[in-house]
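Q:
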Amino acid sequence: MFWYNGQLIQGNSLELAIDDPGLLYGATVFTTLRVYHQSLAHPLTNWRGHCNRLWSSLQAFGWQLPEQQRLQQGAETLLPSFPVLRMAVFPDGREWITGRYLPKDLTQRQQQGVTAWLADTPELLRSLPTHKTGNYLTAWLALQQARQ
């Protein structure tokens, strides 16, 4: 289940045009938020801060802003089912919101920490590091190397 372009989609497939810049170039901006107590208004959720991050990147790229009410409606529709939401916006203002669960071993990770690996080779540097864009190939490649 996910939210796309004003609609709740029951399924796990999204149809995009073959020339969609989001598909071809990763042309999206996104933010990932943890929803506390199933509420966008909860201070720890920081809804406004996440929206501001999206708006800042969209304005920097000269992209169309999504309808804020529709973005919020999508988040509110998914939050009863998912404590973590990833909200992405395409250059034309379409919104795409997916949800996921917290890791089963979250408490253990918080108490014991996690192992980290520094991906410092030039081919793994992120482009546009001040913006969270859909082009996360270098981060994904770094993760694959770290898992080896």
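Everything in the sequence shown is counted per my numbering, starting at 1 for the first residue and increasing by one. Positions of the beta carbon are idealized from the N, C-alpha and C atoms, including for glycine.
1. Check the DSSP bridge columns for Y4 and list the partner residues they point to.
2. Spatial neighbours of N5 within its chain, please: C-beta separation below 6 Å, excluding the five flanking residues on both sides.
3. What would DSSP say about E61, mapped onto helix, strand or coil?
4. Helix, strand or coil, according to DSSP, for L16 in the structure here?
5. Reducing DSSP to helix, strand and coil, say where L54 ends up.
6. Take R109 and list the residues in its own chain whose beta-carbon comes closer than 7 Å to its own, dropping the five residues that flank it on each side.
7. Evaluate G74 with the Cβ neighbour count: other Cβ atoms within 10 Å of its Cβ, from every protein chain shown; 16 or more gives buried, anything less gives exposed.
8. To the nearest angstrom, how far is it from the Cα of L106 to the Cα of S57?
9. Spell out the partners DSSP gives V29 in its beta bridges.
10. Shortest alpha-carbon distance to L44 belongs to which of L128, E15 and Y36?
11. For R109, name the three-state secondary structure that DSSP assigns.
12. Given 8 Å as the limit, is there contact between the segment 52-69 and the segment 111-127, that is, 3 or more CB pairs closer than that?
13. Taking the C-alpha atoms as reference points, what is the distance between M87 and F30?
A: This is what the structure holds:
1. Q7 and W96
2. R94
3. According to the sequence displayed, residue 61 carries Phe and not Glu. Correct three-state label for F61: helix.
4. coil
5. helix
6. P103
7. buried
8. 30 Å
9. V89 and T133
10. Y36
11. helix
12. no
13. 5 Å
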